[in-house]
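Trainee: Residue 150 in the numbering used here sits at position 150 of the sequence shown, with consecutive numbering throughout.
One structure follows; several queries about it will come next.
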Amino acid sequence: MARSQEDLKGLQVCFFGHYDPSYSRNRVLMKALRTAGAQVIEVRDAYSGMRRWRVLISRGITASFDLLFVGFPGHTDMLPAWLVASLKRRPVVFDAFLSLYDTAVFDRKTVSHNSLGARRLYWVDKLACTLARLVLLDTQAHIHYFVNTFRLPVSKFRRVWVGTDEDVMRECGKPSEGDNFTVFFYGSYIPLHGAEFIVKAARLLEEREEKVRFVMVGSGQTFPQVSRLAESLRVRSVEFMGRVPYERLAEMISKSHICLGIFGTTPKAGRVIPNKVFDALAVGRPVVTADTPAIREVFTHGENIWLVPPGDERALAEAIITLKMDDALRKRLATNGHGVFKDRFSIDAITQDLTRIILEIL
Numbered sequence: 001m002a003r004s005q006e007d008l009k010g011l012q013v014c015f016f017g018h019y020d021p022s023y024s025r026n027r028v029l030m031k032a033l034r035t036a037g038a039q040v041i042e043v044r045d046a047y048s049g050m051r052r053w054r055v056l057i058s059r060g061i062t063a064s065f066d067l068l069f070v071g072f073p074g075h076t077d078m079l080p081a082w083l084v085a086s087l088k089r090r091p092v093v094f095d096a097f098l099s100l101y102d103t104a105v106f107d108r109k110t111v112s113h114n115s116l117g118a119r120r121l122y123w124v125d126k127l128a129c130t131l132a133r134l135v136l137l138d139t140q141a142h143i144h145y146f147v148n149t150f151r152l153p154v155s156k157f158r159r160v161w162v163g164t165d166e167d168v169m170r171e172c173g174k175p176s177e178g179d180n181f182t183v184f185f186y187g188s189y190i191p192l193h194g195a196e197f198i199v200k201a202a203r204l205l206e207e208r209e210e211k212v213r214f215v216m217v218g219s220g221q222t223f224p225q226v227s228r229l230a231e232s233l234r235v236r237s238v239e240f241m242g243r244v245p246y247e248r249l250a251e252m253i254s255k256s257h258i259c260l261g262i263f264g265t266t267p268k269a270g271r272v273i274p275n276k277v278f279d280a281l282a283v284g285r286p287v288v289t290a291d292t293p294a295i296r297e298v299f300t301h302g303e304n305i306w307l308v309p310p311g312d313e314r315a316l317a318e319a320i321i322t323l324k325m326d327d328a329l330r331k332r333l334a335t336n337g338h339g340v341f342k343d344r345f346s347i348d349a350i351t352q353d354l355t356r357i358i359l360e361i362l
């Protein structure tokens, strides 16, 4: 089928796997495909093991499509995807997004490095990427990791930013003008977030009698340790909240003076730009996050973001004081950061990137 060099109009894309369609990464990619003019056909099954494979293969074979797109997390869906695509002689794009091996073994440390489980995850990652025509990742730093760890050709990979759904993440309120200076964080409390450094920074600010309120939303792996740390340090300025609906986050971001990214010291922390950074930029709030190779791919300290060394609560506390005392600086970071979002990370921008990538293999 001859195609325009501007869009994917008329293209049938089979979005395939056990992905969660409400997860931000999948939501953004599906919206970008539709914005480009493609018809997205979903072949999805949430069961586990061979039952899921049988259902996916059966539905995939009967579906009509020009391109098979494996959504996140789709590492274990790549074999049935490859079988279906091979039978129908169609290309496969795999949105890896992250390495299961890196995440479980080195970041979250839920699997021992020398175990059979670690080896299995290594080969799941490697095989999934090998079977795909193209593999999508969120940063060049992540691509570099995959190429070197799994010994794969760099030509197989393309970067597609995480972005966010700005139909949801838009300004819907303003920060208060009184003494209640609010710093906002949300996340699933995985190690790369470094939430413990936020609590330590809060304690340092209390010692200096700075009036700062921290709102921390979410739960997850490190939450018990982080909450116990806050209790042991007798931190009073941190308000822990549980999970909240995705749609409510935009309001909470809007009513904050500063939004926080990640501050962990794991290797993976240096390779990712998390959802929370894109969400805050979309809403138009200044962001403080760790200075990493991934963040430096697109951001400049003091111009469109404020960067601090990873794992450094004192630097984080100083950054918060600096931004609290300088309204003009906060406004500049917010305005410029939002401009970068519109230019590079909006649905329109990601649509252009994804369109160019797909046209390469058609």
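Backbone N, C-alpha and C define an ideal beta-carbon position, used for all residues, glycine too.
Is Asp165 helix, strand or coil when you go by DSSP?
Mentor: Counting from one through the sequence shown, the residue named residue 165 turns up at place 165. Coil, per DSSP.
Trainee: State yes or no: is the C-beta of His113 within less than 7 Å of the C-beta of Arg271?
Mentor: Counted from its first residue, the sequence shown places residue 113 at position 113. Counted from its first residue, the sequence shown places residue 271 at position 271. Against a cut-off of 7 Å, the Cβ pair of Arg271 and His113 comes out as no contact.
Trainee: With distances taken from CA atoms, which of Ser227, Val244, Cys14 and Arg243 is nearest Arg236?
Mentor: Counted from its first residue, the sequence shown places residue 236 at position 236. Of the listed residues, the one whose Cα sits closest to Arg236 is Ser227.
Trainee: Which word fits Val70, buried or exposed, when buried means at least 16 other C-beta atoms lie within 10 angstroms of its C-beta?
Mentor: Indexing the sequence shown from 1 puts residue 70 at position 70. By the neighbour-count rule (16 or more Cβ atoms within 10 Å), Val70 is buried.
Trainee: Indicate the three-state DSSP secondary structure (helix, strand or coil) for Phe15 in the structure shown.
Mentor: As a working mapping, residue 15 is identified with position 15 in the sequence shown. The answer is strand: DSSP assigns Phe15 an E or B state.
Trainee: Is the number of C-beta pairs between the stretch 314-324 and the stretch 269-285 that are closer than 8 Å three or more?
Mentor: Result no; under three Cβ-Cβ pairs closer than 8 Å.
Trainee: With a 10 Å radius around its C-beta and 16 neighbouring C-beta atoms as the bar for buried, classify Phe345 as buried or exposed.
Mentor: In the sequence shown, residue 345 corresponds to position 345, counting from 1. Counting Cβ neighbours within 10 Å, Phe345 comes out buried, since at least 16 surround it.
Trainee: Beta-carbon within less than 8 Å of Gln5's beta-carbon, same chain only, minus the 5 sequence neighbours each way: which residues are those?
Mentor: If you number the sequence shown from 1, residue 5 lands on position 5. Residue confidence for Gln5 is low, a pLDDT of 46 falling below 50, so the modelled location carries little weight; the figure read from the coordinates is stated next. So the qualifying residues of the chain are Leu359.
Trainee: Give the secondary structure of Cys129 by DSSP, where H, G and I count as helix, E and B as strand, and everything else as coil.
Mentor: Within the sequence shown, residue 129 is the residue found at index 129, counting from 1. Note: Cys129 maps to helix in three-state DSSP.
Trainee: May I have the straight-line CA-CA distance separating Arg234 from His338, to the nearest angstrom?
Mentor: Locating residue 234 in the sequence shown gives position 234, where the first residue counts as 1. Locating residue 338 in the sequence shown gives position 338, where the first residue counts as 1. Distance between the alpha carbons of Arg234 and His338 is about 36 Å.
Trainee: Whose C-beta lies closer than 6 Å to the C-beta of Val55 among residues of the same chain, with five residues either side of it excluded?
Mentor: Your numbering for residue 55 matches position 55 in the sequence shown. For Val55, where only same-chain residues beyond five positions count, the Cβ hits under 6 Å are Asp45.
Trainee: When the Cα of Ile40 is compared with those of Lys31, Tyr47 and Ser48, which residue comes out closest?
Mentor: Residue mapping note: residue 40 aligns to position 40 of the sequence shown, counting from 1. Correcting the residue type first, residue 40 is Val in the shown sequence and not Ile. The candidate whose alpha carbon is nearest that of Val40 is Lys31.
Trainee: Contact check, Phe181 vs Lys200 under 8 Å by CB: the rounded distance?
Mentor: Counted from its first residue, the sequence shown places residue 181 at position 181. Counted from its first residue, the sequence shown places residue 200 at position 200. Phe181 to Lys200, Cβ: 18 Å. No contact.
Trainee: Indicate the three-state DSSP secondary structure (helix, strand or coil) for Phe150 in the structure shown.
Mentor: To locate residue 150, count along the sequence shown from 1; it is residue 150. Correct three-state label for Phe150: helix.
Trainee: Counting Cβ pairs, one atom from each stretch, are 3 or more of them under 8 Å apart for the stretch 293-300 and the stretch 185-196?
Mentor: Touching, no, given that fewer than three Cβ pairs across the two stretches are closer than 8 Å.
Trainee: Can you have a look at Ile347 and say buried or exposed, based on whether 16 or more other CB atoms are within 10 angstroms of its CB?
Mentor: The residue given as residue 347 occupies position 347 in the sequence shown. Classification for Ile347: buried.
Trainee: Check whether the stretch 168-177 touches the stretch 144-151, taking contact to mean three or more Cβ pairs, one atom from each stretch, closer than 8 Å.
Mentor: Short answer: they don't touch.
Trainee: Any idea if Tyr47 is buried or exposed, counting beta-carbon neighbours within 10 angstroms, 16 or more meaning buried?
Mentor: For the purposes of this step, residue 47 is taken as the residue at position 47 of the sequence shown. So Tyr47 counts as exposed.
Trainee: Among Ala328, Ala230, Ile350 and Gln140, whose alpha-carbon lies nearest the alpha-carbon of Glu297?
Mentor: Counting from 1 along the sequence shown, the entry for residue 297 is found at position 297. Closest option to Glu297, Cα to Cα, is Gln140.
Trainee: Phe65 by DSSP, collapsed to three states: which one?
Mentor: Reading the sequence shown from its first residue, position 65 is the one you call residue 65. Coil, per DSSP.
Trainee: Give me whichever residues DSSP pairs with Thr103 in a beta bridge.
Mentor: Within the sequence shown, numbered from 1, the residue matching residue 103 stands at position 103. Thr103 pairs with nothing; no bridge assigned.
Trainee: Using DSSP's beta-bridge definition, name the partner residues of Phe97.
Mentor: On the sequence shown, residue 97 is found 97 positions in, with the first residue counted as 1. Answer by DSSP bridge pairing: none, since Phe97 is not bridged.
Trainee: Which residue or residues does DSSP assign as beta-bridge partners of Ala294?
Mentor: On the sequence shown, residue 294 is found 294 positions in, with the first residue counted as 1. Bridge partners of Ala294: none, in fact.
Trainee: In the DSSP assignment, what are the bridge partners of Arg159?
Mentor: For the purposes of this step, residue 159 is taken as the residue at position 159 of the sequence shown. Answer by DSSP bridge pairing, in chain order: Leu137.
Trainee: Would you report the Cα separation of Thr35 and Thr351, rounded to the nearest angstrom?
Mentor: As a position in the sequence shown, residue 35 is number 35, starting the count at 1. As a position in the sequence shown, residue 351 is number 351, starting the count at 1. In a straight line, the C-alpha of Thr35 is about 7 Å away from that of Thr351.
Trainee: Would you check if there are 3 or more beta carbon pairs closer than 8 Å linking the stretch 101-118 to the stretch 84-93?
Mentor: Short answer: they don't touch.
Trainee: How is Gln221 classed by DSSP in three states: helix, strand or coil?
Mentor: Within the sequence shown, numbered from 1, the residue matching residue 221 stands at position 221. Coil, per DSSP.
Trainee: Three or more beta-carbon pairs under 8 Å between the stretch 61-69 and the stretch 78-92, yes or no?
Mentor: Because the criterion of three Cβ pairs below 8 Å is met, the stretch 61-69 and the stretch 78-92 touch.
Trainee: Who are the Cβ neighbours of Leu33 in its own chain at under 6 Å, not counting the five residues just before and after it?
Mentor: In the sequence shown, the residue the question calls residue 33 occupies position 33. Here the set comprises Val13 and Val40.
Trainee: Ordered along the chain, which non-local residues of its own chain (more than five positions away) have a Cβ less than 8 Å from that of Glu206?
Mentor: Along the sequence shown, read from residue 1 onward, the residue named residue 206 stands at position 206. Val235, Arg236 and Ser237.
Trainee: Return the residue from the list Arg108, Pro73, Tyr122 and Leu131 that minimises the CA-CA distance to Leu83.
Mentor: Position 83 of the sequence shown, counted from the start, is the residue given in the question as residue 83. Checked all of Arg108, Pro73, Tyr122 and Leu131; the closest Cα to Leu83 is Leu131.
Trainee: Given 6 Å as the limit, tell me if Met252 has its C-beta closer than that to any heavy atom belonging to the ligand MN.
Mentor: Of ligands this structure carries none, so the ligand MN is not represented either.
Trainee: Please say whether Phe197 and Phe263 have beta carbons closer to each other than 7 Å?
Mentor: In the sequence shown, residue 263 corresponds to position 263, counting from 1. In the sequence shown, residue 197 corresponds to position 197, counting from 1. Contact: yes.
Trainee: In terms of residue numbering, what span does the beta strand (DSSP E) encompassing Tyr23 cover?
Mentor: Your numbering for residue 23 matches position 23 in the sequence shown. No beta strand (DSSP E) contains Tyr23, which DSSP labels as neither H nor E.
Trainee: Any idea what DSSP makes of Ile305, helix, strand or coil?
Mentor: The sequence position of residue 305 within the sequence shown is 305, counting from 1. Ile305 falls in the strand class under three-state DSSP.
Trainee: With DSSP run on the structure shown, which of helix, strand or coil describes Thr265?
Mentor: As a first step, residue 265 is located in the sequence shown; it is residue number 265 there, counting from the start. Thr265: coil per DSSP, three-state reduction.
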